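J.: The opening residue of the sequence shown carries number 26 in this note's numbering; numbering runs sequentially from there.
Note that the Cβ used here is the ideal one computed from N, Cα and C, for glycine as well.
Given the structure is predicted, the values throughout are model-derived calculations rather than measurements.
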Amino acid sequence: MLKYKIDIMDALKNIGFSSYRIRKDKLIGEQQLQKIRSGEIASKDTLNTLCMLLNCQPGDLLEYIPDKNETE
Numbered sequence: 026m027l028k029y030k031i032d033i034m035d036a037l038k039n040i041g042f043s044s045y046r047i048r049k050d051k052l053i054g055e056q057q058l059q060k061i062r063s064g065e066i067a068s069k070d071t072l073n074t075l076c077m078l079l080n081c082q083p084g085d086l087l088e089y090i091p092d093k094n095e096t097e
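1) Could you check where the alpha helix (DSSP H) with residue 65 kicks off and where it finishes?
2) Buried or exposed: residue 57, going by 16 or more other Cβ atoms within 10 Å of its Cβ?
3) Does the separation of the CB atoms of residue 86 and residue 33 fall below 8 Å?
4) Give every residue of the same chain whose Cβ lies closer than 8 Å to the Cβ of residue 45, excluding the five residues on either side of it in the sequence, and list them in chain order.
5) Could you pull out every residue in the same chain whose Cβ sits closer than 7 Å to the Cβ of residue 90, ignoring the five residues on either side in sequence?
6) Which one of 59, 50, 83 has the shortest CA to CA distance from residue 69?
7) Check the DSSP bridge columns for residue 88 and list the partner residues they point to.
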């Protein structure tokens with residue numbers, strides 16, 4: 026299972042990208058923002074945007090944690 030390593034919304038806010046600004050500038054759609062807030066993995070396009078905004082690699086945002094079923 027993929028999970029976020031960091032609080033994405035907090036990281037964006039720290040560099041000046043509030044939810045309002047993200048929506049106003051049409052950087053990420055509301056549906057994708059809701060996914061991020063709930064911990065669901067966003068689309069590939071949204072991950073690309075996040076990496077651009079946060080100046081990072083996907084591995085800086087995501088980690089793989091095996092499910093119980095996968096480890097048995």
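T.: In short, the structure shows the following:
1) Note, residue 65: premise wrong, no alpha helix (DSSP H); not H, not E.
2) buried
3) yes
4) none
5) So the list reads 26, 28, once near-sequence residues are dropped.
6) 83
7) In DSSP, residue 88 forms a bridge with 28.
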